[in-house]
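Some notes on the structure that comes next.
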Amino acid sequence: MASTTFHNVAFALLVALALLAIGPPPQRVEAALSCGTVYSDLSMCLPYLSSGGVVPQPCCDGVRSLNAAARTTPDRQQACACLKQAAASIPPQGLQYASSLPGKCGVTTPYPISPSTDCSKVK
């Protein structure tokens, strides 16, 4: 009986040591992007969003910067949520301009810029 108890305790200690060696379970990856970063990158696009015309080079620089920063799924989902929030306050004509921005700046986005975009599906 003492031998069985010893083996049970030894096994429990071995499992505990193995768990300590493995480390804690992976944490959910948080987005590194903030809406402040998204808005800052795109601030030079405001004149284009309000009146159309030629997309200013600093606007395209911001679009490319944001695209380069949004490398992980959480980052892309966060950028999407920020853009969706901003799109909710843009008049319909501005939404058309906004949706054309990536293409005019030579960037491909995995989702449309629209108040109806489901950001949880962005990968």
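When you line the sequence shown up against mature numbering (1 follows the signal peptide of the UniProt record, and there is no 0), it's residues -31 to -1, 1 to 92, in that order.
The beta-carbon is built from N, C-alpha and C at its ideal position, and this holds for glycine as well.
None of these values were measured; they are calculated from a predicted model.
Test item: CB-CB of residue i and residue j under 8 Å
| i | j | result |
| --- | --- | --- |
| CYS28 | TYR17 | yes |
| GLN65 | LEU2 | no |
| CYS74 | VAL32 | yes |
Close-in-space but distant-in-sequence residues of the same chain around residue i (CB under 7 Å, 5 per side omitted)
| i | result |
| --- | --- |
| THR86 | CYS49, LYS53, TYR80 |
Close beta carbons around residue i, own chain, < 8 Å, minus the five adjacent residues each side
| i | result |
| --- | --- |
| TYR8 | CYS51, ALA55 |
Residue i, DSSP secondary structure in three states
| i | result |
| --- | --- |
| ASP87 | coil |
| LEU8 | For the sequence presented, residue 8 should be read as Tyr rather than Leu. Here TYR8 sits in helix by DSSP. |
| SER58 | coil |
| GLY31 | helix |
| SER3 | coil |
| CYS14 | helix |
| GLY63 | helix |
| LYS53 | helix |
Requested in this report: Decide yes or no for the touch test of the segment 31 to 44 against the segment 80 to 87: beta carbon pairs closer than 8 Å, at least 3 of them.
Outcome: no
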